[in-house]
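First up is the structure itself, then whatever we jot down about it.
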Amino acid sequence: MRLRSRAGAAVSVLALAAHGVSQSVNPNIDLSNLGQVALTGDFDAISVYSFPGQFDRNGSNSILQHQPDGSYEVLAATDATIDSMCSFLRRDGTFEGIIVGGNFTSLGGVATRSIALYNPDSRIITPLPGLEGTVAAVLCDQERETVYIAGSFDAANTSNAIAWTVDGAWQTLPFAGFDAPVESVTKAPNGHIVFGGQFTGLGNTSTTSSQRDRATQQIPLPGSANVTVGGASNTNKDAIACPSNGSSVEWKLNADTPGFWRANFDFGFEPTRLRLFNAGTKEFRFTAFPINGIMNLTYTDPESGDERVCDALCPLPENPEDGFMDFFFVNNVGMNSFRIDISDWYGNAGGLAGIQLFQSDVFSYAVADFNEPACGGPTGTLSTVTTTGPWFQMSSFDSVSKYLAAVPGPDEIGDTEVTFEPNIQESGNYTVTIYTPGCLQDSSCSSRAVVNVTGTLTTDADQTFFTQISQLNNFDKYDNVYTGPIDVTSGSFRPRVSIKASGQLPTQRIVASRVKFGLIATTGGLNGIFDFDPDQAQINPNDFSNSDINNAGTLLNQDAQITSLLTVGDTMYAAGSFEDDRFENIMAFTSEGNATSLSDRGLNAPVMDMFALDNVLYVGGNFTAASGDNQLELTSVAAYQIADQRWVALGAGLNGAVEYVVPIPMNTSEGQSETAIAFSGSFSQIRQSGSDPAIDVDGLAVWLPSANNWIQRTNAQQQILTGELTAGAFLPNNTWIGAGTLASLGQVMHGVASVVSNDGRITLHGLPLNIQAEETSSSLQKRAISGDQNVTGVVEVVTYNANADNVTIFAGGFTAEGAERSTIRNLLFMNGSDNNAVTGLPQGVSENSTFIALEIHRDLLFAGGRVSGEIEGRSVAGLLLYDMTTADYASIQPAGLAGPNVIVNDIKAQPDTDFVYVGGAFERTTQDLSCPCVCMYDTNANQWNPVGSGLSGTVAQLFWKNDKKLLAVGNLTLGGNETTIVQYDPDEQAWTQIADDTIPGPVSALTVVTEDGKDIWVAGTANNGSTFLIEVKDEENLIVTGMFSSGTTIRSLELVDAEDNNDSNDFLDRDEALLIMGQLNITGFGAASAAVFNGSAMTPLVLASKADGSAGSISQLAASRPRTPRSEGNRHSTGIVVLVALCAALGTIFLIVLLGLLLNRIQRKRAGYNAIPNVPYADKNSNLNRVPPETLFGTLGQRTGAAPRV
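Counting with mature numbering (1 follows the signal peptide of the UniProt record, and there is no 0), you get residues -23 to -1, 1 to 1183 for the letters of the sequence shown.
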């Protein structure tokens, strides 16, 4: 079987639609008020957070689905590998799901061994139990509604090949498998099923009698089993486990009572023969546990001599001729307990005089007691085990056997080993299977790794092997590690298989259970390929030569290996490691079955995999050229144009072997979906081709057929992918489902990404820049707290919009490509007024200068950082000035800054003045003016000025409060006292401390809520190494807890608008959100580069990565219209807000009533009402008589503008 190497961190670049990258998770922020927005940092790929597990891969394969944004969503993860998949449809076109095959023990958390049916619509996983081993290939045959499964396994009394039908049943093939692993299967043009591998014949086709003769390894019942009985006393219940002819020992049931005899073991076995010595039993049944299934048995009728089958009512003669009777198991079933139920008897009581179990395969157990002799027999030829190192015995848990475990220390790894020596009683071809207990049951998954397996199996030591198997399986698994000859055990030779720690983990946990040595019977007559007619009910080895396909195999070199089979139209292609005088490593078969050679006889080294697309056959392997006389250079990959019958090179190829060739859907730059070809393997580069330099790809490369080139050499927008792709299939609706460790690291954008906010969703777009971060030994630090930190990526961005210019300036530690492929370093100008032309600084600044802080004051650009050089004969250090009107250095440069590890972290001009304040790590100017960590440059006088006294340390960030007082944060000392936040009053020329003891360490990031600076957010790293995020207010400091885990570095903070109101909380107004940027490790989520805090929860927003797959970071949110802090009167406590609202409501009601009264008075006056004279009502009754009441009330329903008539 083909061994798959596990690439650690394969990285490649794939095309992505030009629409940009967007998300399905709503972060509930609105950036539209900020104008043009960009994220800067140290990254090569960036994506918005779309779904859980977007970056998560544990090295095991998963079922994947391609998303519109170019990412790959994990539909279901496994604990090992997926090697093959196919889309399973019924005849009527009904889609049943995806058949997935590999070496896993769980899929999507469901226990399923090596094969499963997965429905991507419902996401339901259906295990297909009963297969032990590894599945290498699957073929879904819609016409027969059958799946053909091939690999290295045992299932339903067959080896390495079996079928599964749509009704959910295993279907053994008429030839019972193969004598060696099968690696590929395809449906030929004539409807036959063709298998390919390294087999030499069909397997397990011996006669029934010969299989029975091999059932000689007795399972030790006495001592190893815990015997219980029912319906009888315990007398002699253990003694009958060691019977002998003529023995008087009997175990009897109570009179006229049914009962049972049960044996429970601490290990598993697979019996093939049951031998019973009778003592009155007439009918019985055999039940296996833990499956709790009644076993089907065959036996020879003592009267007729015919073979018969029984299950629940198996007869037992009263006096068997040989004193016992043998029954054979129809199916090989693993068990660790069995029960014999007696339901009928001779005379007045049933019973047994002896019980023996035998198995055909040879087992060697890690627990030495399980290898003990049966009934005190000889020990010289038993299977044995030896251990060295700190091994201890484990309970069986959910496994069928107890097993050994070891956790060797660093000095014990090399000596910790378990060696199995089986009792091989017959030389022949065997399959060696190692049983590995699952890690979930003993909670050891995090400490397990790969183990080394070695073996010496023949007397001449020619048959030795070495392989590695993973012990990271969630549930029990079976690995077939060897197929080939093994010599018989003798006094001078014992075959052996050893398991040893690989040392991949410093405290690796190793487990060992048992090893099976299964003898393979074979027909012979084949050589790596077999043509099977599904309509044929029986297979006769004498008829092999009737097939041209079988004949072609026999003409190849001995031990030919067919690794890949593929049918394209009316032609079937077979590839692998083989040759004869016509073919080399690849050949074709026509619809008539005739074997034909490809151009130039084929390829000069093995082919591992192939796939056909648009009449082109893409192949991958370990070859370097075509086999013909012209020796066309084809390194590891090649394309065969079927119509023209010629080989075509894919560029200059790859610099290592290819193992998988898989289709993958891509979105081109025009937004049109097309299928590309993904090659995965043990290579690290796309080789240089002509003037195109080599490209690092580390195990994954993608060929775009429409461009006839590797993706990286096209103009398509691209995406960085990591991992490998092992399988892929298209569903009936053309949806692509793949398998592997593939993960998207995001769209290719180097150091800067444009951000568009729409309806609360974020979209990222690239800029017309070719930026590459400088290679340094340390990660980017937005505001360096210590002066010895390196700066990589884009750190700061500002825009200049004056004099009809529209220029964006990028600063950091990077290189970029300018006009005529010139190199721009660390400070870049992109002129939007000149078709986005990019330029750098003139000569003068040292190439290793890096820039962290930018400020435009009037027409001068202040650029600070770790800067050195010489401009117009004058040294600069820490800061330079650039005249935006002349696009050149300013004619007057400030004196340099001095001190150890000088760095400028921030620059802020005082509004409406000539004064520019510079903060960082320095002590004085080169003119010996003392101004530690903050210095002021007067642009009118062109000179430095000190800023107060008593302050020292490193300033990370500056902010002007109400344009009058300067706020500084960092790692500071004021008047000999350590602090983190201070304030400077230019009028008083004095510093005062703001921070209290609740700030647990230096501050590296600051954002201001109110313009008076009485409400700010700060973040940094505490003195104990943890990350803090605190809202600092006049009345109290509010600490955000439990949001970040170790490894978090916050670079910057930004207060932004919320798209919809958040829930009420103690930190933020409901219409606000806090954007946190840096290199984040969010508790309960993991790595992110930007996140949104809504006052109660932290939501990942942006994931950024470096080209090598390591985590990237975000340093800044740059905006053309930066947010202005609120005035101090704009934020009140909840009580004040409620009181003001109540007063406003009452005032409004009063005004409405007053207005109503006024309008009523005006209307009455217009209607003719006059004021009543002020006279006493002396004659009240007479007045009432003048105006009858009915006259007054009679006018109420009338609308008239005239005065009432009296």
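Glycine included, each C-beta is placed from N, C-alpha and C at the ideal position.
Bear in mind that the values here come from a model prediction, so they are computed numbers and not experimental data.
Residue i, DSSP secondary structure in three states
i            : result
Asn255       : strand
residue 1188 : This structure cannot settle anything about residue 1188, because the visible part of the chain is limited to -23 through 1183.
Gly952       : coil
Gln622       : coil
Thr1125      : helix
Gly391       : helix
Ser37        : coil
Gly461       : strand
Pro518       : helix
Asp1043      : coil
Phe899       : coil
Ser423       : helix
Gly468       : coil
Contacting residues, own chain, Cβ-Cβ under 6 Å from residue i (five flanking each side not counted)
i       : result
Thr396  : Thr363, Arg473, Ser475
Met1067 : The residue asked about is misnamed: residue 1067 is Ala in this sequence, not Met. So the list reads Met1054, Leu1078, Val1079, Ile1091, once near-sequence residues are dropped.
Ser320  : Pro235, Glu260
Asp453  : Ser376, Pro414, Gly415
Gly990  : Lys938, Leu944
Cβ-based neighbour list, residue i, same chain, cut-off 7 Å, excluding 5 preceding and 5 following
i      : result
Gly546 : none
Glu295 : Asn255, Tyr323
Thr972 : Sequence check: residue 972 is Ala here, not Thr. Same-chain partners within the cutoff: Thr956, Thr957, Ile958.
Gly927 : Leu951, Gly952, Trp968
Cβ of residue i within 8 Å of any chain D Cβ
i      : result
Leu627 : You won't find chain D in this structure, because it holds only one protein chain.
Test item: CB-CB of residue i and residue j under 8 Å
i      : j      : result
His169 : Asp510 : yes
Leu818 : Leu838 : no
Asn38  : Thr987 : no
Gln336 : Glu247 : yes
Arg262 : Thr275 : no
Leu556 : Leu542 : Rather than Leu, the amino acid found at residue 556 in this sequence is Glu. No, they are not a contact pair.
Asp883 : Gly896 : yes
Pro385 : Ala498 : no
Gly855 : Phe806 : no
Ser524 : Asp508 : yes
Ile739 : Pro4   : yes
Ser392 : Gly366 : This sequence places Asp at residue 392; Ser is not what is there. Result yes, Cβ atoms of Asp392 and Gly366 sit closer than 8 Å.
Endpoints, the alpha helix (DSSP H) within which residue i is located
i      : result
Asp525 : 525 to 531
Euclidean distance between Cα positions of residue i and residue j
i       : j       : result
Leu1006 : Ala999  : 10 Å
Asn922  : Tyr914  : 6 Å
Ser754  : Gly743  : Low confidence applies here, because Ser754 scores a pLDDT of 34, under 50, leaving its location unreliable; read the following figure in that light. So the two alpha carbons sit approximately 27 Å from each other.
Pro410  : Leu417  : The question names Pro, but residue 410 in the sequence shown is Thr. Computed Cα separation, rounded: 21 Å.
Asp836  : Leu1032 : 28 Å
Leu943  : Ala933  : 13 Å
Ile801  : Ala1064 : 31 Å
Asp1085 : Gly633  : 18 Å
Ile976  : Leu1015 : 10 Å
Span of the beta strand (DSSP E), counted from its first residue to its last, around residue i
i       : result
Met62   : 59 to 66
Tyr323  : Per DSSP, Tyr323 belongs to no beta strand (DSSP E) and is neither H nor E.
Leu698  : 695 to 699
Val161  : For the sequence presented, residue 161 should be read as Ser rather than Val. Its beta strand (DSSP E) spans residues 159 to 164.
Gln1093 : 1090 to 1096
Leu198  : It is not in any beta strand (DSSP E) - Leu198 carries neither H nor E in the DSSP assignment.
Phe301  : Looking at the DSSP string, Phe301 is not in any beta strand (DSSP E), and its letter there is neither H nor E.
Ser1087 : Segment: none, Ser1087 is in no beta strand (DSSP E) and carries neither H nor E.
Tyr125  : 123 to 132
Near the ligand FMN: residue i beta-carbon under 7 Å from a heavy atom
i      : result
Asp669 : No copy of the ligand FMN occurs in the structure displayed, which carries no ligand at all.
Same chain, Cβ closer than 8 Å to residue i, five either side skipped, listed in chain order
i      : result
Glu73  : Phe65, Leu66, Arg67, Leu94, Asn96, Val143
Ala653 : Leu(-10), Ala(-9), Pro640, Ile641, Pro642, Met643, Val679, Trp680, Leu681, Pro682, Ile688
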